[in-house]
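Encoded as structure tokens, the structure appears first; notes follow it.
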Amino acid sequence: MLTAGEVAGLIAAAGWVVLVCVLVMVLVKLARLLNATTKAVSELNARLTPLLDDMSVTVNETNRRLAAVEAIARDVKQVSGHAAKLSAVTQTIFTGPLIKVSALGHGVRRAIEARRAVRR
454 MLTAGEVAGL IAAAGWVVLV CVLVMVLVKL ARLLNATTKA VSELNARLTP LLDDMSVTVN
514 ETNRRLAAVE AIARDVKQVS GHAAKLSAVT QTIFTGPLIK VSALGHGVRR AIEARRAVRR
């Protein structure tokens, strides 16, 4: 028969075997996880490169179109400045004589009214 020390040694050895088996299972699962993670990162890298290239093309196209819009805005600003100057010149040309004609008409009317009042 086995002595108490031998039984304790067998129990300890069995415990170590169970512990080693559990650790081997954990390491196998960890290795699978690392492989899956490596594969996922590789696939992401394969998809990310064309996406970044497309984004670069989009940004360049947007910058090109913004430059065109900027040129259009600059032209519109120039045209509106010319329109404002033309409006000011038109106002100066027409309002001066118009005021004089209006004042003349008012003076003539007042003179006619004053003359009528004197005749009565």
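Under this note's numbering, residues 454 to 573 are what the sequence shown spells out, in order. Even glycine gets a Cβ: it sits at the ideal position worked out from N, Cα and C. All of these numbers come straight from a predicted model, not from anything done at the bench.
**Message:** What does the alpha-carbon distance come out to for the pair Val470 and Leu480?
**Reply:** Here residue 470 is taken as the residue at index 17 of the sequence shown, counted from 1. Here residue 480 is taken as the residue at index 27 of the sequence shown, counted from 1. Roughly 15 Å separates the two Cα atoms.
**Request:** Give me the Cα-Cα distance between Thr543 and Thr515, rounded to the nearest whole angstrom.
**Result:** In the sequence shown, the residue the question calls residue 543 occupies position 90. In the sequence shown, the residue the question calls residue 515 occupies position 62. Each residue's Cα considered, the two are about 41 Å apart.
**Prompt:** Can you list, in chain order, the stretches of the alpha helix (DSSP H) that have 4 or more residues and sit fully within the region 484 to 527?
**Reply:** Whole alpha helix (DSSP H) segments, 4+ residues: zero.
**Request:** Note down the Cα distance separating Pro550 from Arg562, rounded to an integer number of angstroms.
**Result:** The residue given as residue 550 occupies position 97 in the sequence shown. The residue given as residue 562 occupies position 109 in the sequence shown. One C-alpha to the other measures close to 18 Å.
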